[in-house]
Structure formats: structure tokens, C-alpha cells
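Protein chains in written order, with my numbering: chain X, 1 to 501; chain P, 1001 to 1501. Every residue, glycine too, gets a C-beta built ideally from N, C-alpha and C. Treat the numbers as computed from the prediction; the structure is a model and nothing was measured.
2 protein chains.
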Amino acid sequence: MRLGCRSAPVKQNRQDPVQEVGMFRNKMPRYEILSEDAMSKLDAGWRRIVTEIGVEFDSERALTLFREAGQKVEGQNVFFDPEWILEQVALAPREFDVQARNPEHSIHIGGDAMAFGAVYGPPFVREGDVRRDATMNDFERFAKLAQVFPVLDSAGGVICEPNDTPLDSRHLDMTYALQTLTDKVYMGNVVSGVNARDTIRMGEILFGGREAIEQTPVSISLINCNSPLHWDDRMLESLFEYTLAGQPCVVTPFILMGAMSPVTIPAALVQQIAEALTGIALTQLIRPGAPVIFGSFLSNIDMQSGSPTFGTPESGIGLLCTGQIARHFGLPFRSGGGLTSSQVADAQAGYEALMTMLPTFLAGANWVMHSAGWLEGGLVAGFEKFIVDVEILQMMQAEFTPLEIDEDSLAFGAHLEVGHGGHFLGAMHTMERFRTCFYRPLLSSSENYERWMRNGSLDTNARASKTYQAKLEEYVAPPLDDAVRLELEEYVVRRRAELGD
Amino acid sequence: MRLGCRSAPVKQNRQDPVQEVGMFRNKMPRYEILSEDAMSKLDAGWRRIVTEIGVEFDSERALTLFREAGQKVEGQNVFFDPEWILEQVALAPREFDVQARNPEHSIHIGGDAMAFGAVYGPPFVREGDVRRDATMNDFERFAKLAQVFPVLDSAGGVICEPNDTPLDSRHLDMTYALQTLTDKVYMGNVVSGVNARDTIRMGEILFGGREAIEQTPVSISLINCNSPLHWDDRMLESLFEYTLAGQPCVVTPFILMGAMSPVTIPAALVQQIAEALTGIALTQLIRPGAPVIFGSFLSNIDMQSGSPTFGTPESGIGLLCTGQIARHFGLPFRSGGGLTSSQVADAQAGYEALMTMLPTFLAGANWVMHSAGWLEGGLVAGFEKFIVDVEILQMMQAEFTPLEIDEDSLAFGAHLEVGHGGHFLGAMHTMERFRTCFYRPLLSSSENYERWMRNGSLDTNARASKTYQAKLEEYVAPPLDDAVRLELEEYVVRRRAELGD
């Protein structure tokens, strides 16, 4: 019998309550690049790490749980029995739901479901030629953009740092904005256990109490490992709070190869497995059956400058492997996004974002953070880049939709109608389908040169600038019950005072 | 016994003479998206087209060959027995070599080999903000860039139209430039049978006579279908000339869905099979065993404007299917490239180029035209875009290199050295590998913001401009025997006079 602060198992809602009006299901094959032999070598690798090197947990609560579960604890370091880890991991659900306050925006995590959230964490924003500290106004405008585009399932969490709000109560402002400006799934704050408890409490207010959010979770929270092989105190505090409340965490090794892991991809992969699985094992000690997501944030540094780099070949390979590994362990996984090192929404930003996003779809990532707006290695949330990424995301969803091959789509009759060397523009088969047959771009231009010149010879960045401004105009606040809004506001005001801001 | 202008079978050189110093072999798995059921529906589809609708050949020579081979000819239209087509197709080699005058640049076509050529066909060029008619000077500079970058196996053929040279003898100037400024494989001219014969003759001069080029071909030529279902006279004239000389043609349905085919992808695929296989069957009537490549140029139009669009989800799906189809028929195939509709080398150019290039690698295309420099739907050859594409190509080759998972790459010792929460920058394992462990960008920037600002805050297009200019400075003319050069020059002068220019 394991003890500790573990509460009752989460009741998994086996009946999918999600209406999934907008949610994407990836029915295309996964691109799997690891042979059975390769997988077994990686498997031996993480076992060796957890057995011989161990993983540090900067948390007495965690260490107590591990000790009680029979794992060998020396100081903060825990040496694991790999078989025990796998037993714990097997307690986690393979798939689960997360509810949004608009049921049409609720999502499913796992299987062939893919959900997409906006960029998370940047202290700066870029609009056109201006790069500056992010503000609450920026945060709100990004939240509105995430609400406007159906291709995004979530505005994410810290879309950008609202530097003009008080630090200690900022989590209240962000959570309130996410809950009120959008009716989609949102991410929890993880700066401290206090912040986590506030986020959970605000979820209870919005969704009708503790039982409702434990029944089907309402937030997803990002718990990063202090890689290599160290879980720090504040992250673990948040992990405890969310897991106890049945709210899923994304247990994420944060690896820039060459800095937080060895420079070789296999080494990074086994380290990632060791870190993720030990974190996930902890969640199942805290609350058996708690929903949890195998996280991956895996790229590399530039070995000349030490700068982080994104959209690299190495990160692409890592992503493809990670998907296969997560499936191997039967866990939903987080990876991918529209990552780039580029300072502006230029060609590099375009190809690096797709260098990450296309493998994201090939790997079938279930929860995709940083899907829109990421610039400059994650330091900047870019308004123009947000639109570039939405375009890429829409294209990917169109591309990863299986072909229907039938008498109708084979269109034999159209050939009879058109004949040799003719054209199909006016054919009946075309006329019946021309509105929906191809993906219609949001941003990309195929204007001929003369028309493009007449329209101001705007490059993609300049067009994206017009697009995000127009889309903000289209924003309509999703309805919210006045009493609920008032209760949320009162909570924010009270807690802000209590936190001394 | 089949008659016609067929010559003796090409002796396939079974021993690979290629040194492949720079050639890329794609050892990663193919991404196959068509189920067996889907493939059999497509198979039934092309059979129905060639049987019931037929394919037109605007060439008496071709019609005679088909008639003599027992196919039903009505006017210019040929109704085929699909089984007979497959017998013909089976005569074509699955793989073959193409020699370059520098043996280190010779290439292999088929299997896991992938060869890359520059953009082909644009009448215009773009340098920075200037878009203008292409000239011979542009052609030569692009040829030099293709020579400089090892990632390119060929400068292609009509890299851009040298509009300042006489039309009737332009093919001589281009072939001479390709043969002398580069020592890589080049493409043949296909404007007419006359041009094809000149190209072949110049190949004989460069490579030591007819027997030498028949033994191992020295050029690859692009033969487009006038889709739907019509092969025109001039293209077929060139097809005859090259095939008789044992020079491979890329038999390519030219399909923009919605214009040259129905709007549905399955219909485009079966049309593509019907067109390609009938053209390939013809090559095997002309010369059994002649090397030939299954070609694909498959994208769609914008149904609102009628403009061609590239890097679309539909073209990506088409490309993935095409690879699978070509393998189904046991043929090497051409597809892919760095296609885009964008007017400049901006974000759209970046993501659209990769939207085509990543599926090109997933599909394992064997001969990849338009790998560098394509802009504005192929109307423009862009100097900056050339550099963007080379960067993408280099990244792809790095990404599609299988992982080595062994004791060394698992780097257990590095963990022992670094410990929990440390960093690997100075670890022995890192120091031994830091120069080569990650892909080093040609163009992409991961500079921090302050350094990027100090360096002029150049976007990718501006950096690419500096790069191509610097690379042109690095160009060194590959050595060429004076007597051969003189013979080529005399041929060009004589033929120009004969052609009346």
C-alpha cells in the first residue's frame, strides 16, 4: 500500500463528451523511423540511466513518496527500478478529455487527436518593425486571435509575459483573460504551488466546482524538467497541485542538445525518456490514474555561439522519434509547434516553422504548444508570425486528411466531357466542387506579378500585418454568465490584495 | 517482332561507375499513404482511361509504332491494352547511371539515390528588389552557383531563359555554358528534334563519341505531356532523339489540377499514370531497355483566380502518392523541388518550398528538378531564393540521414561526467564532436537580438543576397581539355550560322 498525499483515482470519463466541432484527428499514417532494434537500444539506455545515475527531485514530498514506494533515495537523488516505473506509467490513461467552457471547444488528448495552442512564454512581442516588452494588452490581443481562428484549440497559457502587471498576481490576470476572452481550453500557471492553486480555484468557479473539474479536467499545465535529470521544487509543487486536482500536466524534459544533454540525438532521447517517465511515475504516485502527457521540448544549440536553434534537422529527427517513443509507452504526447530562431517573419521563419510543424503531424503529436506566434527562439511573440503559423497549421490539417478514392473522385466522366488536350475549368465535375476542392489560403499569394504590384507589392510579413489587424476586428467576446464573471472578478481582486499587489 | 525506328537495346552498365562523392542516398523509410485498396482503385482507374478514352500522340512515328505493336489507333488517338503497357514498362531499367564529365559528379538514378537540379524554365530573374528579363549573364551566374554548392548534382537545363541570345541557337549557348561552367550532369534541350540532336552531338564531343554516351548517358531531358492525355509533336520529336541515343527522358504529365485535370486528387493521379506510362511505353518501343524516368509535375490552380499555386497541401499529397505509384511500377521517378507562388524570398517562399521539399524526401524522389531558385510559380529564377533553397536542401539531407544508435552515441559516460542539473558544453563527449555534431546553417540566423541588430538587422532575404554574391566569388571554373573546348566552340559557331543566327 503506497502512502503520501495521494488522493482517490480520477474517474476517467470513458464516454467522450467532446463535440469536436473544430478538433483535428490525424487519420494519416505515422512516420516511424526507429527500428525495433533501435527502440530496444533506447529502452536499455533509459533503464541504465534511472538505475545507475538516478534522477534528482528537489521535493521532500516527492522523495517521501518514492521512498515509500520502495525506490532507493540518496539525498535528493532517486535510483529507480525501471519495471516499477513502467507499472506506474501503465496507471496513466492513454487518452482523456479536457473540457472548455464552450463544449464545442472541448478537446480530446491522445490517440489520433491533435490539439493546438498558441506560443507560450515570450517576454517580448514584435509587431512589424517594432520589438518591445510584452504587455497585458498584447496578451489580450493574442488571446483574441486564438479565439478567432478555429484551427487553434487553445490560446495556451503565458502567451506573452504581461510585463505591465504586478508580478505576484500576474497569474490571476492571465487566467482571467484566458477564461473570459476565450471559451477554449487554457493552460495553468506553474510559477509556484500558490499560483497553481489559484488557477485551479478559478477553474472551479468557471466550471461549477471541484467535482466538475475532477470529473473532466479544464486546464493543462506545463511542467518542465531542469534537464539533465533534475526536477526542481517549484515545478514539482505545481505538479502536485494540478495532479491532486486531476488536472493534466505536460511532464516535459527541456533539452537543448549540447547544453542540457549530450550532443548526440540517441543520448538526448534516452535522457528524455528517463526524465519524462520518472516525472510521470510521480504523478501516478500522487494520484493513480491522473491524466498526464509525455512532454518533449527537444532542440539543439549552435555549437559556435551557444545560442539555441530551432527548426533544425536534429530537432525534426528528435520529434519523429519522440512520437514513436511515446506510443511505445502508451502515453499521449506533447511536442512540435512553429518554432524558429528567426528574428522576423521572413523566409527562415517560414521554413523553420514548417521544419517543426510537418514532423509534428508526421509524428501525430497530441498536444502542440507554440503552434502560433513563436519568434526568435521563443523570446518574442510575433503578431505577423502568428498569422504565418495559422496558415501553416491550416495547410497541414488539409494535407493530413486522407484521400477519398471512389467513383466520384476518380472523375471518369469529366474526361469524357473535356477530351484530350482540353481544360477542366468549366467541366461539370469542377463546377460542382470548385468552392471547396482545394485549400484556400489565408495569407499566401498566388497573384500574378502585375496584380501583386498594383496591390502594393506586399511581402508575406506585410500581408500578415493586415490580416491580424482585420482578424482582431472580427473578434466577438464569447458569452459568459454574469454571476460567474463577477465571482471570477471578486476572486482576482481578493487574491491580488492578499498577494500584496 | 516490333518494327519502327527502334534501335538496339541500351547496354545497361550494371556496375555502378559512380563515385558519388556528393550524391545523396535516402536511407530513411518512405512515407506511404496509399493503402493496397487505394492503389488497386488507382490501378483500375488508369486502365479504364487508356482503354476507353485513349491518349493522343501528335506524331506519325509514334502512331506507327503503336499500330505495329498491336494497339488500336484512331486518328491520333491510341487505345491501349493495359497489360501490353505494363510489359513495355517492364523493359525499362529500374535504375541507371548518368555520367558527368567530372566522374565524382556522376549520378545514379533510382533506388534510394536522390539527385537535385536547379530551377528550369523561368523567363525572368529576381535579384533583391529588381525583377527583369533573364539574360545569358544570369544563366551563367546560376550555373556557377550550381557548380559551387555540392548539394546540387546539376545546374539543370534552362536555368533561366537567356533572352538576350538569338532564339534559334539559344540551346547551343545554354548547353555550352552547362558543359563548360559546370562539370556536373546537365539537362538536354527539348524545344525541337533539331535542338535535341545538337544537344546529343555536343554530348558526344564532350564525352568522346556516340558509343560513350550510349554506354552511360550524359544528359537528362524533360518531356512534358500536354495534359490531359495529349502528347504533342515537338516534345515527341525530342523524346525520339534522346531515347534513340540512350539518353533518359523524364516523361512528365504536366498537371495543374482544375485546369489540366479534374479537381480531385485521385483523378489527377490516374490521369498522371495513364500519361506517364503511355509515354514510357513509347520509349521502350523506340529502344527497348532505354533509361527513362516517371515524371510528375502536379499542383493545382487557385479556383478563384485561375492562377497556378505551389507548395499546396494538395500538391504535397500528390507527391507522396506519386512516389508510391512509381515504386509500384518499378520506375525511378522525378518530382518535387522548392516550388512556391511567392513573388519574393519571404515567409511564404520559405514554407511553400519546404511544403514541397519535405514530401520530396518522404517520397524519395530520384530526380528533383527546381531544387533551387524557383520563385513566382516558376516565372522567376531568384538569386536569393536559390540560397534559401540550398539551405533547405542541406537541412533535408541532414534530417534524412539515419541515426546511429550505439554505445558511443548513447553517451552514458557524459552523464557520469556532467551530473544532475549540469551542462554538457564542456564535456569530453561534446568536445570531441562539437564541430560536426549538428547541421551548420548556410543562411539561417540564431544570433541574439543585440548582435543581429549590430549586424544590420538583416532578414533572410538580405542575408541570402550577400551569400550568393560571396559564393559567386568562390567559383572556380572546372578544368576542361582545350581541344574539347575548341571542338565544342567550333560546333556552336558552325551550327549558329547554319541556323541563321
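| Check | Outcome |
| --- | --- |
| My guess is that P:F1057 and P:L1236 are in contact by the Cβ rule of under 8 Å, so how many angstroms apart are they, rounded? | 7 Å |
| Quick one: what's P:D1408 bridged to in DSSP? | According to DSSP, which records beta bridges pairwise, P:D1408 is partnered with nothing at all. |
| Output, in chain order, the set of chain X residues within a Cβ distance shorter than 8 Å of P:A1414. | P262, A267 |
| Could you give the DSSP three-state label for P:N1224: helix, strand or coil? | strand |
| Using a 10 Å radius around the Cβ and a threshold of 16 neighbouring Cβ atoms, would you call P:N1366 buried or exposed? | buried |
| Measuring only the C-alpha atoms, how far is P:D1459 from X:L178? | 33 Å |
| Any idea what DSSP makes of X:F80, helix, strand or coil? | coil |
| Taking the alpha carbon of P:Y1449 as the reference point, which residue from X:A92, X:F96, X:R132, X:L34 has its own alpha carbon closest? | X:R132 |
| Under 7 Å: does the beta carbon of P:P1217 sit that close to some heavy atom of the ligand ATP? | As far as ligands go, the structure on display features none, and thus does not contain the ligand ATP. |
| Between P:L1379 and the rest of its own chain, which residues show a CB-CB distance below 7 Å, the 5 nearest in sequence each way excluded? | P1122, P1123, F1124 |
| Suppose the cutoff is 8 Å on Cβ atoms and the five residues either side in sequence are ignored; what does the same chain contact list for P:I1543 look like? | A query on residue 1543 of chain P cannot be resolved here, the shown segment of chain P reaching from 1001 to 1501 and no further. |
| Say whether chain B places a C-beta atom closer than 8 Å to the C-beta of P:K1471. | Protein chains in the displayed structure are X and P, and chain B is not among them. |
| What is the C-beta distance between P:P1441 and P:M1028, in whole angstroms, given that I count them as a contact (C-beta under 8 Å)? | The Cβ separation is near 21 Å, so there is no contact. |
| How long is the line joining the alpha carbons of X:R14 and X:G337, rounded to whole angstroms? | Because X:R14 carries a pLDDT of 33, less than 50, the predicted location of this residue cannot be relied on, and the following value inherits that uncertainty. Distance between the alpha carbons of X:R14 and X:G337 is about 29 Å. |
| Assess contact between the stretch 283-291 of chain X and the stretch 299-312 of chain X, defined as three or more Cβ pairs (one per stretch) separated by less than 8 Å. Is contact present? | no |
| Quick one: what's got a C-beta closer than 6 Å to P:D1168's C-beta in the same chain, skipping five residues either side? | L1499, D1501 |
| Does any residue of chain P bring its CB to less than 8 Å from the CB of X:Y439? | yes |
| Between the beta-carbon of X:V55 and the beta-carbon of X:A259, is there less than 8 Å? | no |
| In the stretch 1164-1223 of chain P, which residue ranges form an unbroken beta strand (DSSP E) of at least 3 residues, counting only runs that do not cross its ends? | 1185-1187 |
| Could you spell out where the alpha helix (DSSP H) holding X:V148 opens and where it closes? | 136-148 |
| Taking only runs of the alpha helix (DSSP H) that begin and end inside the stretch 1253-1305 of chain P, which ones reach a length of at least 4 residues, in chain order? | 1265-1286 |
| Looking at the structure shown, is P:A1372 part of a helix, part of a strand, or coil, going by DSSP? | coil |
| Pull up the DSSP beta-bridge partners for P:E1380, would you. | One detail in the question is off: residue 1380 of chain P reads as Val in this sequence, not Glu. Beta-bridge pairing links P:V1380 to P:F1124, P:L1375. |
| Do X:P332 and X:F361 have their CB atoms nearer than 8 Å? | no |
| Terminal residues of the continuous beta strand (DSSP E) containing P:G1156? | 1154-1156 |
| Enumerate in chain order the residues of its own chain whose CB-to-CB distance from X:T340 is below 6 Å, with the five nearest sequence positions on each side excluded. | F310, G311, A349, E352, A353 |
| For P:T1165, which residues of its own chain have a beta-carbon under 6 Å away from its beta-carbon, when the five flanking residues on both sides are left out? | M1136, D1173 |
| Step through the CB atoms of chain X and report whether any lies within less than 8 Å of the CB of P:D1459. | yes |
| Return the Cβ separation of P:W1452 and X:Q343 in integer angstroms, given the expectation that the two are a contact with Cβ distance under 8 Å. | 5 Å |
| Run through chain X and tell me which residues come within less than 8 Å of P:I1049, C-beta to C-beta. | F412, H415 |
| Which residue's Cα is closest to the Cα of X:D406: P:K1041, P:I1049, P:R1030? | P:K1041 |
| Provide the residue span of the beta strand (DSSP E) that contains X:I159, from first to last. | Element bounds for X:I159: n/a, residue is neither H nor E. |
| If you draw a straight line from the C-alpha of P:M1023 to the C-alpha of P:M1114, how long is it? | 7 Å |
| Could you give the first and the last residue of the continuous beta strand (DSSP E) run that contains X:K27? | Segment: none, X:K27 is in no beta strand (DSSP E) and carries neither H nor E. |
| Going by DSSP in three states, P:G1111 sits in which element: helix, strand or coil? | coil |
| Can the beta-carbon of P:R1334 be found closer than 8 Å to that of P:M1369? | yes |
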